[in-house]
Amino acid sequence: AGAEGTGAASASRTFGARPTTAGAGLDELFAWVDEIAALTQPARIHWVDGSNAENEALLRQQVDEGKLIKLNPEWRPGSYLARSHPSDVARTEARTFIASERAEDAGPTNNWADPAEMRETLTPLFAGSMRGRTMYVVPFSMGAVGGPLSHIGVQVTDSAYAVTSIGIMTRVGSDVLAQIAAGKPWVKTVHSVGAPLAPGEKDVKWPCNDEKYIVHYPETLEVWSFGSGYGGNAILAKKCFALRIASVIGRDEGWLAEHMLLIRVISPEGKAYHVAAAFPSACGKTNLAMLRPTIPGWRVETLGDDIAWLRPGEDGRLWAINPEAGFFGVAPGTGESTNVTAVETLWGNTVFTNVALRPDGDVWWEGLTDDVPEELTDWEGKPWTPASGRPAAHPNSRFTVSAGQCPQIAPDWDAPEGVPLDAILFGGRRATNVPLVVEATDWTHGVFLGSNISSERTAAAEGTVGELRRDPFAMLPFCGYNMADYFGHWLKVGQQLRFDRAPRVFQVNWFRKGADGRFLWPGFGDNARVIDWIIRRVEGSVPTVESAIGRLPVTSDLNLDGIEVPQEDLDALFEVDPELWLQETDLTEEFYRTFDGRVPAALYAELAALRYRLKLA
Ligand code: GTP
Ligand code: SPV
Ligand code: MN
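Counting in UniProt numbering, the sequence shown runs from 34 upward without gaps.
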């Protein structure tokens, strides 16, 4: 075990061998891979080169092993369905840890673990955990290879599904190795599904372990993930690296790693604006990222749908890149009437996880079409009919597809220098209180709004769906350090920006409901109407109505041509009830107090000012 090229299975391979390129940086990589192999004892090691031939072979192998179902190429060419173990369907926040030297550096919103103790816990779990399996070594870049904002890493994993997913979501290949060889720093990420195979033991369709650990060591820039094959727990480049570890790097280097979509909005006059928006998991980032405006003349180009890295530029503007190369999007609710762009993106070359299978070998999920198929195989592989009384697709079922397949992807979406931001949006899923759109009075007020985002829980993580929880900046599960320090870091980044060039900050809420429980706002493509107003605010061409909580639109400035929003709904969308908002401020204070005095004074001052305004209102 531990030596590459051992075993009959790899002897016939034309790829997978350890690269022969030399370089001081590679010696460290080789030594690390040997060390992990000695611990996890895989049957063989496969160095992933990111080639098409390799990808095809990996897919074929997973089909042969029953881990992927090849979809009917007539409907969905080059596409596959994976069915997870029914217990391994979402991120496991309770099993996610920040193992920083000091507990206060993880802060009260993270599970902290002592790094030395955590290593003692993990070592026996990883010992022999890859027995009987292939250990893949996957070098990847977040951001264009060699770009000024880009960062690189290596994931070792015993999951071919993870390799396939990383291949779609990041840039994988030998050009990354060349960077490592040249001495560029890289992040070490280790993943095992925690299901070693005894000699002759038959593998299961979705190996995983009841015991799960998703562990981050911010000081040594390492991730160790055990027991889960699910996206956010297994594609370590994504939430583990590009958010939790990258947020720590950003804190130290003066930039921000954010749970944000990124778009270019083109006005009827042909002027381009760049907007980033942070919404919690399953709260509409992919939808807004792929927005197809329902108002004439406006166009949106997609730049990213989940993660953005933001850095102050020398010009005093805030520049953003999407470090990813694909979309790992929520399937349910994605259909012709809600997100036609996504439907078109998914024409082929897509890996679906936990959606339903149609008898004709295509996929289906709730919301894909208005009519429901009479007969399906559900996400667990069981026969399903509309009378079954349970969803056919898991509520957190997802698609994995390359960004380049999106019909409205920006032609320069992977430009290494990124785009300058004009507006930042913070949103959540709030049935009450929060208006359709509010503008912050300045950057500090914007940071205050971001720190106060709360949202009803979704199926993207384990927990009770619908329960309201605080999710500051939509980063609650993803901030790799003390959230109060993170608020302070946002304030500091603002000071790097030129006052007249900083992005404007807005809070939005597509999810406000009437007393009868229906959404007051049509949402989806009609969110372009809110974007249109935001752009006009950026241009300074419309006034606002001052309210206790921020600047509201003059409702007659909203372009509502072609839709019916009754005046009473419009009023309800913008209603600010001072009593209810005073209750919100109590929750904010309670939340801030959990940080033992670390929340910046400027944010307490915002809270005090808000209360003062509400009492006058
Ligand atoms: P992650 O990938 O988990 O980070 O989530 P995301 O923020 O990208 O979520 P996504 O865009 O996939 O949205 C998930 C859910 O929100 C789907 O069920 C959508 O139907 C719903 N949704 C998105 N936009 C709107 C909207 O404008 N109005 C309403 N009512 N629902 C929306
Ligand atoms: C989320 O949960 O916010 C996602 C999916 O985008 S995952 O990558 O699994 O975190
Ligand atoms: Mn996300």
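The beta-carbon is built from N, C-alpha and C at its ideal position, and this holds for glycine as well.
Does the beta carbon of residue i fall short of 7 Å from some heavy atom of ligand 5?
i      : result
Gly264 : Absence of ligand 5 from the depicted structure is noted, with ligand 1, ligand 2 and ligand 3 being the only ligands included.
Relative to the C-alpha of residue i, which residue among the options is closest?
i      : options                        : result
Asn320 : Gly630, Ala464, Gly558         : Gly558
Ile296 : Arg391, Lys304, Val308         : Val308
Glu623 : Arg51, Pro313, Arg503, Gly260  : Arg503
Val467 : Ala635, Gly58, Ala290, Trp614  : Trp614
Met175 : Gly200, Lys415, Tyr250         : Gly200
Arg431 : Gly265, His292, Glu87, Val171  : Gly265
Asp393 : Trp108, Ala641, Glu61, Val281  : Trp108
Glu234 : Ile78, Arg164, Cys316, Lys272  : Arg164
Gly630 : Asp602, Ala517, Ile582         : Ala517
Thr383 : Pro555, Val598, Thr433         : Thr433
Val498 : Pro313, Val189, Ser84, His118  : Pro313
Val578 : Gly58, Arg551, Ala473          : Ala473
Asn144 : Thr154, Arg152, Phe159, Glu126 : Glu126
Val471 : Ser207, His184, Gly479         : Gly479
Leu643 : Thr73, Ala211, Arg584, Pro555  : Arg584
Asn372 : Pro440, Glu89, Asn387, Val587  : Pro440
Val248 : Arg344, Leu114, Asp147         : Asp147
Phe385 : His427, Val66, Leu114          : Leu114
Val178 : Leu210, Arg166, Val598, Val256 : Leu210
Lys318 : Ala358, Ile328, Ile340         : Ile340
Ala492 : Ala364, Gly186, Gly56          : Ala364
Gly381 : Ser112, Met168, Pro611         : Ser112
Check the C-beta distance from residue i over to residue j and give it rounded, since I have them as a contact under 8 Å.
i      : j      : result
Trp412 : Ala389 : 6 Å
Gly262 : Trp288 : Incorrect: roughly 31 Å between the Cβ atoms, too far for contact.
Phe104 : Val396 : Going by the sequence as given, residue 104 is Leu instead of Phe. With 8 Å as the limit, Leu104 and Val396 qualify as a contact, their Cβ atoms being about 6 Å apart.
Pro229 : Ser162 : 6 Å
Gly461 : Ser488 : 3 Å
Ala456 : Arg537 : 5 Å
Pro419 : Val405 : 5 Å
Ala195 : His224 : 6 Å
Phe173 : Arg204 : 6 Å
Val609 : Ser580 : 5 Å
Gly513 : Ile131 : 6 Å
Val452 : Ala353 : 6 Å
Pro449 : Gly206 : About 16 Å; that fails the 8 Å criterion.
Leu640 : Phe520 : No, Leu640 and Phe520 are not in contact; Cβ-Cβ is about 12 Å, not under 8 Å.
Phe628 : Gly140 : 7 Å
Phe159 : Phe259 : 7 Å
Gly422 : Trp476 : Not a contact, Cβ separation roughly 50 Å.
Ala311 : Phe459 : 5 Å
Ile568 : Val298 : 6 Å
For residue i, count neighbouring Cβ atoms within 10 angstroms of its own Cβ and tell me buried if that reaches 16, exposed if not.
i           : result
Phe532      : exposed
Asp236      : exposed
Tyr306      : buried
Arg54       : For clarity, residue 54 is Thr in the given sequence; the question names Arg instead. Exposed, by the Cβ-count rule.
Pro251      : buried
Glu347      : exposed
residue 671 : Any question about residue 671 goes unanswered here, given that the chain covers just 34 to 650.
Arg562      : buried
Lys648      : exposed
Lys245      : buried
Leu606      : buried
Ile596      : exposed
Gly330      : exposed
Ala64       : exposed
Gln600      : exposed
Glu399      : buried
Pro633      : buried
Tyr645      : exposed
Asn85       : exposed
Ignoring anything shorter than 4 residues, give me the alpha helix (DSSP H) runs that lie fully in the region 291 to 338, in order along the chain.
318 to 322
Curious, which full-length beta strand (DSSP E) runs of at least 3 residues does the region 217 to 285 contain?
219 to 225, 246 to 250, 255 to 259
Can you check the region 399 to 487 for any beta strand (DSSP E) of at least 3 residues that lies completely inside it and give the ranges in chain order?
431 to 435, 456 to 460, 470 to 472
Could you name each continuous beta strand (DSSP E) segment of 3 residues or more that falls completely within the region 77 to 139, going from the start of the chain to the end?
77 to 80, 113 to 115, 129 to 131
Report the residue ranges of all alpha helix (DSSP H) runs contained in full by the region 134 to 168; include only those spanning at least 4 residues, in chain order.
Counting only runs of at least 4 residues, the region 134 to 168 fully encloses the following alpha helix (DSSP H) elements, listed from N- to C-terminal order: 136 to 139, 148 to 159.
Identify every run of the alpha helix (DSSP H) within the region 587 to 633, keeping only runs that are complete inside it and at least 4 residues long; order them along the chain.
If only complete runs of 4 or more residues are kept, the region 587 to 633 shows the alpha helix (DSSP H) at 600 to 606, 611 to 626, in order along the chain.
Would you list the residues whose beta-carbon is nearer than 6 Å to any heavy atom of ligand 1, in the order they occur in the chain?
Phe312, Ser314, Ala315, Cys316, Gly317, Lys318, Thr319, Asn320, Asp338, Asp339, Gly362, Val363, Pro365, Gly366, Thr371, Ala493, Trp543, Phe544, Phe552, Gly556, Phe557, Asn560
Enumerated in chain order, which unbroken segments of the beta strand (DSSP E) with a length of 3 residues or greater are wholly contained in the region 170 to 209?
Listed in chain order, the complete beta strand (DSSP E) runs (minimum 3 residues) inside the region 170 to 209 are 184 to 190.
Unbroken beta strand (DSSP E) runs of length 3 or more, entirely within the region 545 to 583: which are they?
Complete beta strand (DSSP E) runs here, min 3: 577 to 580.
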